[in-house]
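Note that this note's numbering gives residue 176 to position 176 of the sequence shown, counting from 1, and the numbers run on in steps of one.
Where is the CB? At the ideal position from N, CA and C, for every residue including glycine.
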Amino acid sequence: MRPFTDEFPKSMLPVAGRPFLHYQLDWLAAEGIDEVVYCLGYRGEMIRDYVGDGGRWGLKATYVDEGAQLRGTAGAVRLALDAGVLDPAFALLYGDSFIRLSIPEVWARFEQSQPPALMTVIRNEGQWDRSNASYENGRVIAYDKAAQDIQPPARYIDYGFSVLTSEVVAQEIPPGTTSDLAALFHALSAEGRLAGFEATDRFYEVGSPAGLKDFEEYVRQRQAAPVIRTTASRRRIGVLGGGLAGLTVAAHLTSDCEVLEADERPGGHCQTV
Ligand SMILES: Cc1cc2nc3c(=O)[nH]c(=O)nc-3n(C[C@H](O)[C@H](O)[C@H](O)COP(=O)(O)OP(=O)(O)OC[C@H]3O[C@@H](n4cnc5c(N)ncnc54)[C@H](O)[C@@H]3O)c2cc1C
């Protein structure tokens with residue numbers, strides 16, 4: 001991502017006048033998240049200066065700084081565990097990914113499932129990058145970021161959001177090591193210990209100039225569209241009536257909602273839907 005990242009860490013890349021992470025935090029807050037832990041690496045002070053205590057988003061923000069010794073994604077999570085800032089179960093989002101799914105639904109799936117970790121995936125069929133996950137009946141049964149030939153054949157790709165227990169981090173990631181979370185997820189999938197959740201909305205990433213441009217376009221389109229924000233947007237919203245008004249409101253709400261319609265078909269008096 002040079003020359004962009006000469007000046008900024010990826011999370012702070014400007015997108016339509018705001019750092020990328022601003023959009024991530026907006027989304028997390030709207031999904032009901034109230035605390036974030038930043039694993040800081042390259043130019044981490046810029047992130048800390050911008051996010052501060054997280055109060056601007058109604059969040060509590062804390063930081064774990066790797067300094068100059070970068071340890072990979074798994075090593076960074078282990079450092080956070082050792083710093084005592086992780087809950088017994090926590091969600092993980094990469095600093096360069098923007099995604100859209102219902103976190104309460106992911107969390108409910110995680111709690112229902114026995115495995116110590118959950119990975120979100122999206123049907124890919126080679127569309128975004130090489131498919132790397134096989135997903136079936138709420139489980140990721142094979143995941144490998146490096147292998148060419150995954151069995152059963154991979155039709156999914158990791159979506160960039162996962163849930164882990166502190167226990168599995170303590171057991172599987174030795175302190176002080178440099179490693180990637182992909183290795184942990186690979187091992188857990190092979191052992192039948194990786195739950196899955198299928199996302200349906202495409203993800204965005206700012207790890208490449210094309211990805212950054214793509215996300216900028218998405219943001220500009222959203223800014224052009226009328227957006228309804230409610231003070232209740234931290235919870236799921238029920239829209240009463242699926243007539244013209246109800247369906248229009250549901251289409252524009254930024255947070256997860258459900259249209260509650262008494263009739264057998266939507267559309268109300270309009271009846272053209
Ligand atoms: C005969 C007729 C012709 C029309 N012609 C035109 C026209 O040519 N041009 C024009 O612009 N407009 C026209 N209109 C007006 C237009 O159809 C309405 O203004 C518009 O559909 C109203 O939309 P709405 O979403 O506000 O309400 P509605 O379409 O009435 O939708 C309300 C929905 O809420 C549901 N509901 C109600 N109570 C509950 C509950 N307790 N729980 C769950 N669901 C509930 C209902 O089943 C319904 O689906 C016409 C209307 C009629 C009746």
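If contacts are defined as beta-carbon pairs under 8 Å, then residue i and residue j qualify, I think. What distance do you get, rounded to the angstrom?
i: R123; j: R155; result: 6 Å
i: F197; j: L118; result: 6 Å
i: S11; j: D96; result: 7 Å
i: V219; j: Y23; result: 7 Å
i: D26; j: W57; result: 7 Å
i: L40; j: F90; result: Rounded, the Cβ-Cβ distance is 17 Å, inconsistent with contact.
i: V36; j: L59; result: 6 Å
i: N132; j: I99; result: The pair is not a contact, with the Cβ atoms about 16 Å apart (cut-off 8 Å).
i: L101; j: G160; result: Actually they do not touch by this definition, with Cβ atoms about 10 Å apart.
i: A183; j: L81; result: Rounded, the Cβ-Cβ distance is 17 Å, inconsistent with contact.
i: I237; j: L253; result: 6 Å
i: S255; j: A76; result: The Cβ separation is near 29 Å, so there is no contact.
i: L282; j: C270; result: Past the boundaries of the shown model lies residue 282; the chain is included only from 1 to 273, so the question cannot be answered.
i: E205; j: G211; result: 5 Å
i: A74; j: L181; result: 5 Å
i: R78; j: I173; result: 4 Å
i: A195; j: R109; result: 6 Å
Quickly, what does DSSP pair residue i with across the bridge? List them, please.
i: C39; result: V64
i: P19; result: P14
i: Y135; result: V140
i: E205; result: S97
i: Y218; result: BP columns for Y218 are empty, so no partner.
i: S162; result: L92 and M119
i: I237; result: C257
i: F197; result: T120
i: I157; result: I122
Quiz item: Taking any heavy atom of ligand 1 as the mark, which residues have a C-beta closer than 7 Å to it, listed down the chain?
Solution: L240, G241, G242, G243, L244, A245, G246, L260, E261, A262, D263, P266, G267, G268, H269 and C270
Exercise. Let me know the beta strand (DSSP E) ranges lying completely inside the stretch 240-269, each 3 residues or longer, listed in chain order.
Key: The qualifying runs are 257-260.
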